[in-house]
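**Q** Residue numbers for the sequence shown follow the working numbering, so the first one is 70 and each next one is one higher.
The C-beta atom is built at its ideal place from N, Cα and C for all residues, glycine as well.
First, the structure itself, so that you have it in front of you.
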Amino acid sequence: METNKKKGGLTGIYAVAAVIAILIASTFSMIRNSLNLGLDLQGGFEILYQVSPLNENQDLDMTAVINSIQKRVDVLGVNEPEITVEGTDRVRVQLAGVADQETAREMLGTTANLTFRDINDELLSDSSIVQEGGASLAYQDGRPIVSLKIADASKFGEITSKVSSMTNGENIMIIWLDWEEGDTYKAELQKSIQGEEPKYISAASVRNEISGDCIIQGNFTEAEARTLANLINSGSLPVKMTEISSNVVSAQYGSDALRTTALAGLLGVLAVICFMIYQYRVPGIIAGIMLLAYIWAIFGTYALMGAVFTLPGIGALVLGVGMTVDANIITYERIRQELYKGRSVRSAAAEGQKLSFTSILDAQLTTLIAGLIMYWFGNGVVKGFATMLVITVIMTLVVNVALSRWLLNMFINSGVADNKPTWFGVKPEQIPNLAKGEEQFYYGFKRQDFLGKSKYLIRTSLIIFVAAVALSIFNAASGKGLMNLGIDFASGTKLTVTSENAITVDEVRTEMEAMGYNSFTYQSAGDTSVYATTKESLTTDQLSEIKDTFIELYGQEPGDNVVTPVVGKELVQNAIILTLVAWIAMLAYIAFRYEWDYALGCLIALVHDVFMVLSVFAILRLEVNTELISVLLTIIGYSINNSIVVFDRVRSTVKDSDHLSEKKYSDIVNEALNSTFRMSIFSSISTLLPVIFLLVLGSRSIFTFNFAMLVGMIAGTFSSLFVAPAVWWYIRTHYTPKAKAKPKKKAEKEQLDEYTFKGINA
Numbered sequence: 070m071e072t073n074k075k076k077g078g079l080t081g082i083y084a085v086a087a088v089i090a091i092l093i094a095s096t097f098s099m100i101r102n103s104l105n106l107g108l109d110l111q112g113g114f115e116i117l118y119q120v121s122p123l124n125e126n127q128d129l130d131m132t133a134v135i136n137s138i139q140k141r142v143d144v145l146g147v148n149e150p151e152i153t154v155e156g157t158d159r160v161r162v163q164l165a166g167v168a169d170q171e172t173a174r175e176m177l178g179t180t181a182n183l184t185f186r187d188i189n190d191e192l193l194s195d196s197s198i199v200q201e202g203g204a205s206l207a208y209q210d211g212r213p214i215v216s217l218k219i220a221d222a223s224k225f226g227e228i229t230s231k232v233s234s235m236t237n238g239e240n241i242m243i244i245w246l247d248w249e250e251g252d253t254y255k256a257e258l259q260k261s262i263q264g265e266e267p268k269y270i271s272a273a274s275v276r277n278e279i280s281g282d283c284i285i286q287g288n289f290t291e292a293e294a295r296t297l298a299n300l301i302n303s304g305s306l307p308v309k310m311t312e313i314s315s316n317v318v319s320a321q322y323g324s325d326a327l328r329t330t331a332l333a334g335l336l337g338v339l340a341v342i343c344f345m346i347y348q349y350r351v352p353g354i355i356a357g358i359m360l361l362a363y364i365w366a367i368f369g370t371y372a373l374m375g376a377v378f379t380l381p382g383i384g385a386l387v388l389g390v391g392m393t394v395d396a397n398i399i400t401y402e403r404i405r406q407e408l409y410k411g412r413s414v415r416s417a418a419a420e421g422q423k424l425s426f427t428s429i430l431d432a433q434l435t436t437l438i439a440g441l442i443m444y445w446f447g448n449g450v451v452k453g454f455a456t457m458l459v460i461t462v463i464m465t466l467v468v469n470v471a472l473s474r475w476l477l478n479m480f481i482n483s484g485v486a487d488n489k490p491t492w493f494g495v496k497p498e499q500i501p502n503l504a505k506g507e508e509q510f511y512y513g514f515k516r517q518d519f520l521g522k523s524k525y526l527i528r529t530s531l532i533i534f535v536a537a538v539a540l541s542i543f544n545a546a547s548g549k550g551l552m553n554l555g556i557d558f559a560s561g562t563k564l565t566v567t568s569e570n571a572i573t574v575d576e577v578r579t580e581m582e583a584m585g586y587n588s589f590t591y592q593s594a595g596d597t598s599v600y601a602t603t604k605e606s607l608t609t610d611q612l613s614e615i616k617d618t619f620i621e622l623y624g625q626e627p628g629d630n631v632v633t634p635v636v637g638k639e640l641v642q643n644a645i646i647l648t649l650v651a652w653i654a655m656l657a658y659i660a661f662r663y664e665w666d667y668a669l670g671c672l673i674a675l676v677h678d679v680f681m682v683l684s685v686f687a688i689l690r691l692e693v694n695t696e697l698i699s700v701l702l703t704i705i706g707y708s709i710n711n712s713i714v715v716f717d718r719v720r721s722t723v724k725d726s727d728h729l730s731e732k733k734y735s736d737i738v739n740e741a742l743n744s745t746f747r748m749s750i751f752s753s754i755s756t757l758l759p760v761i762f763l764l765v766l767g768s769r770s771i772f773t774f775n776f777a778m779l780v781g782m783i784a785g786t787f788s789s790l791f792v793a794p795a796v797w798w799y800i801r802t803h804y805t806p807k808a809k810a811k812p813k814k815k816a817e818k819e820q821l822d823e824y825t826f827k828g829i830n831a
């Protein structure tokens, strides 16, 4: 009977693994085809428009604006466009997978107010005289033209009759697109004579009354004539739209980014699974099975939601992989600690799971708070990261806490692991006989004075901070600025020049300078890509000139990211607000769940982590952009996660104690650090492995993101072990409640404890 039970437990594990494998295999193609890739993974563009009325007395109707933009997007045939209103006078348009991006840009930004005027610029008629959808591409003598079907033939006859009656040379009807006050036919005619492009689209002599359809002639290419027809058919925009920020990614660059990042992410996940199996044996296998189920659930949820999958989203997913494995590590380490106390496997498993749950829950909830704040207050890039982060937290609680524990209990309750602590990676020779007074080992090392060593390590951080500040001041005095701000914050233009073959910075610089662009700085982005950056916000005409040149040279359209000064200033302000709000929300939760001194310890640790990342960026002069905000918010959550694990141990010891001696507090902190040190290191390794693979093998476009993540996680691990506990210890030993006297009356129970300050009232 016992043998059958053991076999049944193992069979259950095999069955779960088989079911997960079948689910993944059977739904893989469906999920892959249902995923909506962002513009950074399949090419496309994102433009933020400032919307302003055409005249002073006009009220902005953003609903009408959205409807007009949607009509133009429909003409482009773009699947899953994202058109969102930001504030009261801005519209963000995201179009992924657009083949002809310049045409799409023109379609969206052109007001397309069609008017018919005479030689003196007097209005004869607006676009209402043309049938709805009545513009079409046609040909005359083999040349492309635009044919217009007239809705009111009688009115058009009156107009053409009036023009034809004018003296010879003045009997001209001019068709304008987006005529503005101050525009004149005569001035534009002089431009045409000098070889420049006039603003009007057609100027034709009218000799007789015309009561039928008409045509628009010009030196059109077929594509230009088709675009003009589409603009007329989509109707004029009821407002003026000005680009204040744009991001264009070429299809080839997006495809390369997806391939390299997906490969790096896959290798990172496999490395985590191998690490877990090596460290935890059978529980590690269970963690690997659940990790695959977790990733499948994430992608399935994204497909069902119709959410857009972006490069920062992949970064958040890989981070989520590390953090969900962290939940398993906390549980398994707790179980192993109970085994090292001499408990049986079943008793250790039950106690370890019970003791680890609050740490896991608090850690995940603080991360969830960070994700929700990023989603509510962040922009497009940050929102993509936040969406994935929130989903990963939910799936961690469902898959890698509930289901993983269920599978682990199935294995343990089968009895197959009874009297086999080695199946959990425990070394029998390190299990002390506590009854004989043997000293407990901490996974291979004896008790360490972590608190005593923390002051030396904290000094190292201070040296780095001072060096960063000194170098930043020197750079500012040299005119380089305190930090190397990217165009997201400083405004400007960033081009990504790509080629199917190898290209160099010198080649791109030579071509740019030949076109008269001398203010750019250049950086290699791999063998086939080069970044070109300037503080100037280039116009669409300038971008078109540059793109045409590089398309002819390399066969690939460069990507571009343009940010105006007003947007750059707002991004800086929003980034600061976003970080502060995240801090306040998470620290409020810690103070609620623990006490204020625990929250203050976490706060100092968070400040340390943020300063460390910024210091490294300042010393290395790495570019600071909006992705760094996502990193800092993630590191905030990650650092608090590790600190919670340590503080959970501390709280369990001091919660029933009154005022303790300084030595006793030191012992409590050291005991907590000794028992969680290995757990913190393993948690960091499980999270860092995917990040390292992304850093080495992933897309160049998220290199800064991954490097900042690497620095931040190392800093977060350090601060959770040596900064937060040291701050808590200092508060407890210098600002502590007096020991409670035994209450004699009910009223005395309601009185607040008096706090003592060394050297003041104690």
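#1: Near G375, which residues of its chain fall below 7 Å by C-beta distance, leaving aside the five closest residues on each side in sequence?
#2: Would L458 and M443 qualify as a contact pair, given that the criterion is a beta-carbon distance under 8 Å?
#3: In angstroms with no decimal places, state the Cα-to-Cα distance between R879 and R415.
#4: Residue ranges of each alpha helix (DSSP H) run of no fewer than 4 residues wholly in the segment 568-614, ordered along the chain?
#5: Which of the three DSSP states, helix, strand or coil, is assigned to N105?
#6: Determine the direct distance from the alpha carbon of S568 to that of I313, and round the result to whole angstroms.
#7: For I783 and D666, I'd like the C-alpha separation in whole angstroms.
#8: Between the Cα of S137 and those of W245, S216, L335, K309, spot the shortest distance and give me the residue it belongs to.
#9: Confirm, please, whether the CB-CB distance from I116 to S315 is below 8 Å.
#10: Closer than 6 Å by C-beta to V144: which residues in its own chain qualify, once you throw out the five before and the five after it? Chain order, please.
#11: Roughly how many angstroms lie between the CA atoms of G382 and G337, to the nearest whole one?
#12: Let me confirm a value: Y83 is counted as buried when at least 16 other C-beta atoms fall within 10 Å, else exposed. Which label applies?
#13: For A362, report the span of its alpha helix (DSSP H) as first-last.
#14: Output the distance between the C-alpha atoms of A331 and T132, rounded to the nearest integer angstrom.
#15: Using the rule of at least 16 other Cβ atoms within 10 Å of the residue's Cβ for burial, across every protein chain shown, is D610 buried or exposed?
#16: Around the Cβ of I284, are there at least 16 other Cβ atoms within 10 angstroms (buried) or fewer (exposed)?
#17: Contact between the segment 219-237 and the segment 192-199 is defined here as three or more beta-carbon pairs at a separation below 8 Å; is this criterion met?
#18: Taking the alpha-carbon of A90 as reference, which of V351, Q209, W365 has the nearest alpha-carbon?
#19: Starting from G478, follow the alpha helix (DSSP H) in both directions and report where the run begins and ends.
#20: Within 10 angstroms of the Cβ of F558, are there 16 or more other Cβ atoms? Answer buried if so, exposed if not.
#21: Quick one: residues in its chain with C-beta nearer than 8 Å to the C-beta of M464, no 5 flanking neighbours on either side, listed in chain order?
#22: With a floor of 3 residues, list each beta strand (DSSP E) that falls wholly inside the segment 80-154, ordered by position along the chain.
#23: What first and last residue would you give for the alpha helix (DSSP H) that runs through I301?
#24: With distances taken between CB atoms, is the gap from V199 to K224 smaller than 8 Å?
#25: Who does S712 pair with in a DSSP beta bridge?
#26: In this structure, does DSSP put G389 in helix, strand or coil?
#27: In chain order, which continuous runs of the alpha helix (DSSP H) of length 4 or greater are located wholly inside the segment 743-800?
#28: Might you give, ordered along the chain, the residues of its own chain that have their beta carbon closer than 6 Å to the beta carbon of L791, omitting 5 neighbours on each side?
#29: Taking the alpha carbon of A471 as the reference point, which residue from H728, K268, M359 has its own alpha carbon closest?
#30: Within 10 angstroms of its Cβ, does K563 collect 16 or more other Cβ (buried), or is it exposed?
#31: Taking Cβ to Cβ, would you say R720 is nearer than 8 Å to A594?
#32: Please list the terminal residues of the continuous beta strand (DSSP E) segment that includes K309.
#33: Can V495 and Y409 be called in contact, C-beta distance under 8 Å?
#34: So P486 is in the alpha helix (DSSP H); what residue range does that whole segment cover?
#35: Check Y269 in the structure and name its three-state DSSP category.
#36: Go through its chain and collect everything with a Cβ distance to N710's Cβ below 6 Å, but skip five positions before and after it.
**A** Straight from the coordinates:
#1: Residue numbering aside, residue 375 sits at position 306 when the sequence shown is read from its first letter. So the qualifying residues of the chain are N105.
#2: Mapped onto the sequence shown, residue 458 falls at position 389. Mapped onto the sequence shown, residue 443 falls at position 374. Against a cut-off of 8 Å, the Cβ pair of M443 and L458 comes out as a contact.
#3: A question about residue 879 goes unanswered here, because the residues of the chain that appear run from 70 up to 831.
#4: The segment 568-614 contains these whole alpha helix (DSSP H) runs: 574-583.
#5: Counted from its first residue, the sequence shown places residue 105 at position 36. Correct three-state label for N105: strand.
#6: By one-based count along the sequence shown, residue 313 stands at place 244. By one-based count along the sequence shown, residue 568 stands at place 499. If I take the Cα positions, the gap works out to 28 Å.
#7: In the sequence shown, counting from the first residue as 1, residue 783 sits at position 714. In the sequence shown, counting from the first residue as 1, residue 666 sits at position 597. Going from the Cα of I783 to the Cα of D666 covers about 24 Å.
#8: Translated into the one-based positions of the sequence shown, residue 137 becomes position 68. The candidate whose alpha carbon is nearest that of S137 is K309.
#9: In the sequence shown, residue 315 corresponds to position 246, counting from 1. In the sequence shown, residue 116 corresponds to position 47, counting from 1. Yes; because the gap between Cβ atoms is below 8 Å, this pair is in contact.
#10: Here residue 144 corresponds to residue number 75 of the sequence shown, with the count starting at 1. Excluding positions up to five away in sequence, the list reads N299, S303.
#11: In the sequence shown, the residue the question calls residue 382 occupies position 313. In the sequence shown, the residue the question calls residue 337 occupies position 268. Our two residues, G382 and G337, have alpha carbons roughly 16 Å apart in a direct line.
#12: Position 14 of the sequence shown, counting from 1, holds the residue named residue 83. The residue in question, Y83, is exposed, as its Cβ has fewer than 16 Cβ neighbours within 10 Å.
#13: Position 293 of the sequence shown, counting from 1, holds the residue named residue 362. Taken as a continuous stretch (DSSP letters only), the alpha helix (DSSP H) holding A362 covers 351-374.
#14: One-based indexing of the sequence shown puts residue 331 at position 262. One-based indexing of the sequence shown puts residue 132 at position 63. For A331 and T132, the distance between alpha carbons rounds to 39 Å.
#15: For the purposes of this step, residue 610 is identified with residue 541 of the sequence shown, where counting begins at 1. Under a 10 Å Cβ-count criterion, D610 is classified as exposed, with fewer than 16 other Cβ atoms of the shown protein chains found around its own Cβ.
#16: Mapped onto the sequence shown, residue 284 falls at position 215. The residue is exposed, with fewer than 16 neighbouring Cβ atoms inside 10 Å.
#17: Result yes; three or more Cβ-Cβ pairs closer than 8 Å.
#18: In the sequence shown, residue 90 corresponds to position 21, counting from 1. Of the candidates V351, Q209, W365, W365 places its Cα closest to the Cα of A90.
#19: Residue mapping note: residue 478 aligns to position 409 of the sequence shown, counting from 1. Correcting the residue type first, residue 478 is Asn in the shown sequence and not Gly. Counted as a single uninterrupted DSSP element, the alpha helix (DSSP H) harbouring N478 occupies residues 473-482.
#20: On the sequence shown, position 489 is the one that residue 558 refers to. By the neighbour-count rule (16 or more Cβ atoms within 10 Å), F558 is buried.
#21: As a working mapping, residue 464 is identified with position 395 in the sequence shown. Y363, A366, I367, T370, G389, T393, listed in sequence order.
#22: Runs of the beta strand (DSSP E) inside the segment 80-154: 113-122.
#23: In the sequence shown, counting from the first residue as 1, residue 301 sits at position 232. Residues 291-303.
#24: Locating residue 199 in the sequence shown gives position 130, where the first residue counts as 1. Locating residue 224 in the sequence shown gives position 155, where the first residue counts as 1. In this structure, K224 does not lie closer than 8 Å to V199 by Cβ.
#25: Residue numbering aside, residue 712 sits at position 643 when the sequence shown is read from its first letter. Looking at the DSSP assignment, S712 forms no beta bridge with any residue, so it has no partner.
#26: The residue labelled residue 389 in the question sits at position 320 within the sequence shown. G389 sits in a helix when the DSSP states are folded into three classes.
#27: Annotation: the segment 743-800 contains the following complete segments of the alpha helix (DSSP H) (minimum length 4 residues), in chain order: 772-787.
#28: One-based indexing of the sequence shown puts residue 791 at position 722. Residue 791 is actually Phe in this sequence, not Leu. So the qualifying residues of the chain are S523, L526.
#29: As a first step, residue 471 is located in the sequence shown; it is residue number 402 there, counting from the start. Comparing Cα-Cα distances from A471 to each of H728, K268, M359, the minimum goes to M359.
#30: Here residue 563 corresponds to residue number 494 of the sequence shown, with the count starting at 1. Buried: at least 16 other Cβ atoms inside 10 Å.
#31: As a first step, residue 720 is located in the sequence shown; it is residue number 651 there, counting from the start. As a first step, residue 594 is located in the sequence shown; it is residue number 525 there, counting from the start. No.
#32: What you label residue 309 is simply residue 240 of the sequence shown in a count that begins at 1. DSSP places K309 inside the beta strand (DSSP E), whose first and last residues are 308-318.
#33: Taking the first residue of the sequence shown as 1, we reach residue 495 at position 426. Taking the first residue of the sequence shown as 1, we reach residue 409 at position 340. In this structure, Y409 lies closer than 8 Å to V495 by Cβ.
#34: As a first step, residue 486 must be located in the sequence shown, where it is residue number 417. In the sequence as displayed, the identity of residue 486 is Ala instead of Pro. Boundaries for A486: no alpha helix (DSSP H) harbours it, and the DSSP string shows neither H nor E there.
#35: Looking up residue 269 in the sequence shown gives position 200. Of the three classes helix, strand and coil, the one that applies to Y269 here is strand, per DSSP.
#36: Reading the sequence shown from its first residue, position 641 is the one you call residue 710. A432.
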